[in-house]
Amino acid sequence: MTDIHPGQRVAILADAQNLYHSAQSLYSRNIDYSSLLEKAVSGRDLTRAIAYVVRADSPDEESFFDALVDIGFETKIRDIKTFGDGSKKADWDVGMSLDAVTLANHVDTIVLCTGDGDFSRLCSHLRHEGVRVEVIAFQESTADELVAAADNFLDMSERQETFLL
Numbered sequence: 292m293t294d295i296h297p298g299q300r301v302a303i304l305a306d307a308q309n310l311y312h313s314a315q316s317l318y319s320r321n322i323d324y325s326s327l328l329e330k331a332v333s334g335r336d337l338t339r340a341i342a343y344v345v346r347a348d349s350p351d352e353e354s355f356f357d358a359l360v361d362i363g364f365e366t367k368i369r370d371i372k373t374f375g376d377g378s379k380k381a382d383w384d385v386g387m388s389l390d391a392v393t394l395a396n397h398v399d400t401i402v403l404c405t406g407d408g409d410f411s412r413l414c415s416h417l418r419h420e421g422v423r424v425e426v427i428a429f430q431e432s433t434a435d436e437l438v439a440a441a442d443n444f445l446d447m448s449e450r451q452e453t454f455l456l
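Be aware that the sequence shown starts at 292, since it is given in this note's numbering, and climbs by one per residue.
Here's what the structure looks like:
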């Protein structure tokens, strides 16, 4: 796959729920999305940055969504669904995958900010299409098959001072 170089077109797709829960369970801290975006772009040409978020009626979530936009992310928001048995669900796997496949013809690199192993097949597909795939997530909560499927993996745990608030 292509190396990193200036002028390379890059899209960043951040699974905010996955990152949030990983950072909270591992370190009881929050993600520094400004640093995440800066490191993901890494001097290249940013085509698009999308943060996939879930509205859960938390008091601070609207200010969080606004902060993401101020940093440079486009936010895609999904409401959490509560089922009759009390279980809740809200994931962006299909939405992120569709966006990645759609963006593949417009970028050289897609950076997936998630540890979710469900995206390993997406990585394989994108690489087959000639797109470089990078994953940024916490090693401890990242599926081995996702790391194996990507061209590059950046472990946020090794750079806590950069990626955590």
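Cβ atoms here follow ideal geometry from the backbone N, Cα and C, with glycine treated the same way.
(request) Identify whether Val398 lies in helix, strand or coil by the three-state DSSP scheme. (result) Against the sequence shown, residue 398 aligns to sequence position 107. Here Val398 sits in coil by DSSP.
(message) Taking contact to mean 3 or more Cβ pairs, one atom from each stretch, closer than 8 Å, check whether the stretch 338-357 and the stretch 418-438 are in contact.
(response) No: the two stretches stay apart, fewer than three of their Cβ pairs being nearer than 8 Å.
(request) For Leu403, write down the residues that DSSP places opposite it in a beta bridge. (result) If you number the sequence shown from 1, residue 403 lands on position 112. Answer is Leu304 and Val426.
(request) Please go through the stretch 300-365 and give each complete beta strand (DSSP E) segment of 3 or more residues, from N-terminal end onward. (result) Segments of the beta strand (DSSP E) lying fully in the stretch 300-365: 300-306 and 336-346.
(request) State the beta-bridge partners of Leu445 as determined by DSSP. (result) The sequence position of residue 445 within the sequence shown is 154, counting from 1. The partner list for Leu445 (beta bridge, DSSP) reads Ile427.
(request) Indicate whether the contact test is met: 3 or more Cβ pairs, each with one atom in the stretch 369-377 and one in the stretch 397-405, closer than 8 Å. (result) Segments in contact, no.
(request) Taking the CB atoms as reference points, tell me whether Asp323 and Gln299 lie closer together than 8 Å. (result) Reading the sequence shown from its first residue, position 32 is the one you call residue 323. Reading the sequence shown from its first residue, position 8 is the one you call residue 299. Going by C-beta atoms, Asp323 is not nearer than 8 Å to Gln299.
(message) Is any non-hydrogen atom of the ligand SAH found closer than 7 Å to the C-beta of Lys330, if you look at the structure I gave you?
(response) With respect to the ligand SAH, the structure offers nothing, as it holds no ligand at all.
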